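Residues 1 to 266 (UniProt numbering) make up the sequence shown, in order. Quick reminder that beta carbons are idealized off the backbone N, C-alpha and C, glycines included. Every value quoted in this text rests on a predicted model; they were computed, and no experiment measured them.
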Amino acid sequence: MSKKCKVGEIELMDLKKLTVGKHLTELETSILEYIIENIDTVLKMGVREIAKNNYTSPASVIRLSKKLGYTGFVDMYYHLLPKVKKTEHQSLNVDEEIFKYSLSDILKKNQKKDIDFFVEKILHLKQKYIFIYATGFSAIAAEYLYKKLLVLGKKTIIATGTDSIGIVESNLEDIGIFIVISKSGETQQVMDKLLSANEQSIFTVSFTKEEPNRIANVSDLNFKLVDNNELDDRNILPNTFFPNLLLLFEYLFKVFLDQKKLKIEE
């Protein structure tokens with residue numbers, strides 16, 4: 001499902017990550033598309049008129065809001081509005097403000113105690129493996145993390161969406177930390193692997209967008225980064241999520257090396 005928001009001939013908006021795992025009916029999907037396409041007027045319309053224009057009852061609109069995790073229609077509207085407007089008004093000649101993000105901004109979203117805890121888990125991981133899983137663009141960042149951990153002397157395995165599920169399942173007993181990367185925090189393939197790790201009581205870590213998402217909710221530890229364009233699922237528009245993810249990785253490595261050096265000195 002997607003709304004046709006374009007720059008030139010490039011479609012920018014994709015709403016499937018808003019609906020994945022929500023089990024919407026065909027009618028509810030149609031209502032959501034209608035709300036997105038008429039985002040400037042639906043608040044004034046109200047639930048009754050939206051329902052009338054979609055040949056259904058007001059209860060269907062409220063049910064849609066609840067399924068998407070909102071308290072009601074108005075709550076849903078005010079959460080969807082900035083996401084839709086940001087994508088509609090975005091251009092490929094993005095303002096340089098987007099690139100002024102820094103490490104201090106990243107650390108505002110993530111507590112120092114969580115960073116220290118993550119590093120300690122890696123430091124004390126001896127015989128077991130760190131397993132990294134990601135798909136799409138996130139798999140590129142996962143590859144970087146994988147190679148960095150290898151040169152730091154940590155036993156690491158990586159798998160992506162193109163790999164057989166057997167790579168994960170056949171190594172579960174040997175995994176000490178399971179790391180996933182998902183910009184949306186809603187990628188079903190990633191969610192499935194994470195749940196498998198949870199069932200085996202493996203410590204799980206996720207790197208996702210800052211807003212509430214399913215993957216963050218089921219992880220033992222979640223690191224948050226700003227996603228400038230949540231509805232740009234194909235990563236067409238300029239977005240600092242992945243650059244800042246790499247910056248966070250480098251900071252984690254710095255803390256790791258600092259703590260390792262301290263332990264040696266002790």
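Reduced DSSP secondary structure (H/G/I, E/B, other) of residue i
i      : result
Thr162 : coil
Phe249 : helix
Val20  : coil
Pro212 : coil
Gly136 : helix
Lys126 : coil
Gln259 : helix
Lys147 : helix
Lys254 : helix
Ser184 : coil
Asn244 : helix
Pro82  : helix
DSSP bridge partner residues for residue i (one or two, in chain order)
i      : result
Phe178 : Phe131 and Thr204
Ile157 : Phe131
Asn222 : Ser206
Pairwise C-alpha distance: residue j and residue i
i      : j      : result
Tyr70  : Thr156 : 39 Å
Glu169 : Ser57  : 45 Å
His79  : Thr208 : 18 Å
Ile50  : Gln189 : 34 Å
Leu194 : Gly185 : 11 Å
Ile39  : Met191 : 30 Å
Residue environment, residue i, which counts as buried when at least 16 other CB atoms sit within 10 Å
i      : result
Ala59  : exposed
Leu18  : buried
Gly72  : exposed
Asp227 : buried
Asn244 : buried
Terminal residues of the alpha helix (DSSP H) in which residue i lies
i      : result
Asn53  : Val42 to Asn53
Tyr34  : Glu26 to Glu37
Ile106 : Leu103 to Lys109
Ile62  : Pro58 to Lys67
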